[in-house]
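Notes for the one structure printed next.
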């Protein structure tokens, strides 16, 4: 292709990235605008909306619920995801494709169908909804993401390091603890950070499987279904900024893990 | 250690690593789906469920033109959005994979940030932009381009299509980007040396070699769009009645779990059928030959 072709593609790439970030930028802009209406023209700069959110008790409670879901979900998905990633990158066996298919099944079943299946199932076996039902259903949805992130780091680790350890007389367990685990540490960190973010963001599944204690995402959804307010803008921006920080840290870990290429 | 004992140890470690995952997913995902399947054969009588299996729900749903229409509409939306995403993502993935050097990692992270932030925040942002008294309408009015707000910006099929495309674009870019990364530049150079022109290089070399990524991304977006429940509901308004919202209603207000389960399973089956057909057609096509040859 000729050079002006690439220049056009570069312009095009900028336009698409603009499209991707425009709604978020506008949300940020209007979270700082003093008017009650989320509309042009801008009326003036204010931090009131942020102030309102930070002093809202309901939001604070929702945040606590979100956190008491996110930490257990992160632990479950990181442990199970590490195991799955090890299997996918370090073992050859019959039925590997079937195992992979089972692993990504919850991701490909529509979330609504997944959620009502959960509710029907819980109803049948007589379990009441609570925080732990959210843990399990969220963990299933998030597990494929975490597995892929950890596997992406494991793929790049030289298998000869593990073979050398075995040749020098280490047992498989020693090799795992002293060679594989330290090498995959960055992948595990990256996976757990992403799991944390995805758990915060999850709505559909949390809505159906949470009982009385409602996470932040469910609160926000019920608020903005009927009425958009600049304070919701501010809350959404706080969530976005927090997520960006966590994702950037996660990517930093992941890329450090795959550096020696 | 004898070879046999090493083999035993390998098997044990394999079992220890796969076992918990298999049990976890079977117990909490496959079993609930199976329970939902069993419900699709039951009947509902006022407020109680009668556990006498029959095909009645499936027959009723299949004979109902509204449900058939909703499933077809979902599949159609899936195809349209996946095609739009493919069209937008293809040049983007080409550029990032083949031309960007220093900021490649940063660009990919930038693409993933909105994805990780979740559907809800993204939908919320679009409602702020598209609302009747929202950012876009007020901007156009303030600038004097229009004099009355365009109501159809939000709660319309147009809005649904824009937001769905926006939401699922990253799922198209990632497999395409991987396909372009795997595409060896020397193939393109060889074709050029042999006298191929730009367009025929594209159709004879680049497109066939990235076809698998294209199909993978297409099917992923298709499946996610067909199953999307939040976007049509919160962006589409009254035009946003989809098969997923119909299923939701049957489990909520109508308390007709059996019919809801039958509809849910019919949707799952038609999705699976479509995905299988496309995969099969691709595998048998001249483009699929590259994939088969590589194996």
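Chains as they are written, first to last, in full-length UniProt numbering: chain F, 1 to 261; chain L, 1 to 295.
We put the CB at the ideal spot given by N, CA and C, even for glycine.
Between the region 106-119 of chain F and the region 39-48 of chain F there are fewer than three C-beta pairs closer than 8 Å, too few to call the two in contact.
Counting other Cβ atoms within 10 Å of its Cβ, residue 54 of chain L stays below 16 and is therefore classed as exposed.
Taking the Cα of residue 267 of chain L as reference, the smallest distance to any Cα among L/15, L/16, L/69, L/4 is reached at L/69. Neighbours of residue 134 of chain L across chain F, judged by C-beta separation under 7 Å: 38, 39.
For residue 214 of chain F, no beta strand (DSSP E) encloses it, and the DSSP letter there is neither H nor E. Counting along the chain, the unbroken alpha helix (DSSP H) around residue 174 of chain F starts and ends at 172-175. The Cβ neighbour count for residue 126 of chain L, taken over all protein chains shown within 10 Å, is at least 16; the residue is labelled buried.
Between residue 73 of chain F and the set F/213, F/223, F/192, F/86, the nearest pair of CA atoms involves F/192. Restricted to the region 214-283 of chain L, the alpha helix (DSSP H) segments that are unbroken, complete and at least 4 residues in length are 230-235, 243-251, listed in chain order.
The continuous stretches of alpha helix (DSSP H) do not include residue 45 of chain L, which lies in the beta strand (DSSP E) extending over residues 43-45.
Taking 9 Å as the cut-off, the beta carbon of residue 95 of chain F is found no closer than this to the beta carbon of residue 150 of chain F.
No Cβ of chain L is located within less than 9 Å of the beta carbon of residue 72 of chain F. Residues of the region 51-76 of chain F with a C-beta atom less than 7 Å from some C-beta of chain L do not occur.
Taking 8 Å as the Cβ-Cβ cut-off, the region 116-128 of chain L approaches chain F at 116, 117, 118, 119, 120, 121, 122, 124, 125, 126, 127, 128, given in chain order. For residue 12 of chain F, the C-beta contacts it makes with chain L under 8 Å involve 91, 92, 95, in order along the chain.
Secondary structure at residue 157 of chain F: coil, using DSSP grouped into helix, strand and coil. For residue 118 of chain F, the nearest CB of chain L lies under 9 Å from its own CB, placing it at the interface with that chain. The beta-carbon distance between residue 70 of chain F and residue 206 of chain F, rounded to whole angstroms, is 11 Å. This is too long to meet the 8 Å contact definition. Contact check between the region 227-240 of chain L and the region 153-162 of chain L: three or more CB pairs, one atom from each, fall below 8 Å, which counts as touching. Residue-level contact by beta carbon fails for residue 45 of chain F and chain L, as no gap is shorter than 9 Å. Neighbours of residue 251 of chain F in chain L, taken as residues whose beta carbon is under 7 Å from its own, are 109 in chain order. Between residue 146 of chain F and residue 194 of chain F, the CB-CB gap stays under 9 Å. For residue 202 of chain L, the secondary structure class from DSSP, reduced to helix, strand or coil, is helix. For residue 280 of chain L, the nearest beta carbon of chain F is not closer than 9 Å to its own beta carbon. For residue 240 of chain F, the CB contacts under 7 Å within the same chain, skipping 5 residues up- and downstream, are 24 in chain order.
For residue 38 of chain L, the enclosing alpha helix (DSSP H) begins and ends at 31-39. Boundaries around residue 48 of chain L are those of the beta strand (DSSP E), 48-50, since no alpha helix (DSSP H) includes it. Excluding five sequence positions before and after residue 55 of chain F, none of the CB atoms of its chain fall closer than 6 Å to its own CB.
Between the region 76-91 of chain F and the region 178-186 of chain L, the count of C-beta pairs closer than 8 Å stays below three; the two stretches do not touch. Sequence-ordered contacts of the region 79-95 of chain F with chain L read 80, 83, 84, 86, 87, 91, 93 [C-beta pairs closer than 7 Å]. For residue 57 of chain F, the enclosing alpha helix (DSSP H) starts and ends at 57-90. Nearest to residue 229 of chain F by alpha-carbon distance, out of F/31, F/255, F/13, F/20, is F/31.
Under DSSP, residue 45 of chain F shares a beta bridge with F/33. Using a Cβ-Cβ distance cut-off of 8 Å, the region 142-151 of chain L and the region 196-207 of chain L are not in contact, since fewer than three pairs of beta carbons, one from each stretch, lie closer than that value. Under the three-state reduction of DSSP output, residue 124 of chain L falls in the helix class. Straight-line spacing of the CA atoms in residue 43 of chain L and residue 214 of chain F works out to 32 Å.
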